[in-house]
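Student:
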Amino acid sequence: MQEAIPYRRWATNQNNSSSSTSSTIYLKGPEGHDLKRIVEETPVLIFMKSGDCMGHVVKRLLQGLGVNPCVYEIDDKDEKRICVEIMGIIDGGGGRDGEGVQFPVAFIGGELFGGLDRVMATHITGELNLVLKQAGALWL
Numbered sequence: 001m002q003e004a005i006p007y008r009r010w011a012t013n014q015n016n017s018s019s020s021t022s023s024t025i026y027l028k029g030p031e032g033h034d035l036k037r038i039v040e041e042t043p044v045l046i047f048m049k050s051g052d053c054m055g056h057v058v059k060r061l062l063q064g065l066g067v068n069p070c071v072y073e074i075d076d077k078d079e080k081r082i083c084v085e086i087m088g089i090i091d092g093g094g095g096r097d098g099e100g101v102q103f104p105v106a107f108i109g110g111e112l113f114g115g116l117d118r119v120m121a122t123h124i125t126g127e128l129n130l131v132l133k134q135a136g137a138l139w140l
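So this is what it looks like as structure tokens:
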């Protein structure tokens, strides 16, 4: 199977600790990343805490469907800032404090899709494939 080449490369942190061979792009959360632009330009993006097992479940489920999601890992020290930025993306810059964000958070096609529960529910009902195709993350 051929691997998809990302449209644009961001500052990446390749995590080679797993035994699987995937082309998942890992991003860390330094200052200066324009999260809104990353969300808009990435077909599938997962925001997760570093080392979060539930984020890993979402990533593996999407990889099993043939999608190579971009994973944005968030350290504890950056969590509050990233939560505020995510709420700004969701609300259109509404300036909320980020208290409503629970990780992992998936964005598909530049839109908030949901967390692990929504990804699993749509996978079970078969809707996830359609959403991924519409976002350009699946070709077949």
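Quick note: the sequence shown uses the UniProt record's numbering, first residue 1, plus one each step.
Every residue, glycine too, gets a C-beta built ideally from N, C-alpha and C.
1. Where does glycine 136 land, buried or exposed, given buried means 16+ other C-beta within 10 angstroms?
2. Quick one: give me the first and last residue of the alpha helix (DSSP H) that alanine 121 is part of.
3. Under the rule that 16 or more other beta-carbon atoms within 10 Å means buried, what is cysteine 53, buried or exposed?
4. Give every residue of the same chain whose Cβ lies closer than 8 Å to the Cβ of valine 131, excluding the five residues on either side of it in the sequence, and list them in chain order.
5. Between the Cα of tyrosine 72 and the Cα atoms of Arg118, Met120, Asn129, Val105, which residue gives the shortest distance?
6. Counting C-beta neighbours from all protein chains within 10 Å, is the total for glutamate 127 16 or more, i.e. buried, or is it exposed?
7. Look at the Cβ atom of isoleucine 38, then the Cβ atom of lysine 59, and state whether they are nearer than 9 Å.
8. Kindly indicate the opening and closing residues of the beta strand (DSSP E) around lysine 49.
9. Less than 9 Å between the C-beta atoms of residue 142 and leucine 35, yes or no?
10. For valine 119, I'd like the list of residues in its chain whose CB is within less than 8 Å of its CB, leaving aside the five on either flank, ordered along the chain.
11. So, under 8 Å CB-CB, glycine 55 and phenylalanine 103 are touching, yes? Tell me the CB distance rounded to an integer number of Å.
12. Check for me: the beta strand (DSSP E) holding valine 71 runs from which residue to which?
Tutor: According to the structure shown:
1. exposed
2. 116-125
3. exposed
4. Ile108, Gly109, Phe113, Thr122
5. Val105
6. exposed
7. no
8. 44-49
9. Any property of residue 142 remains undetermined from this structure, which presents the chain solely from 1 to 140.
10. Val58, Leu61, Leu62, Ala106, Phe113, Leu128
11. 6 Å
12. 70-74
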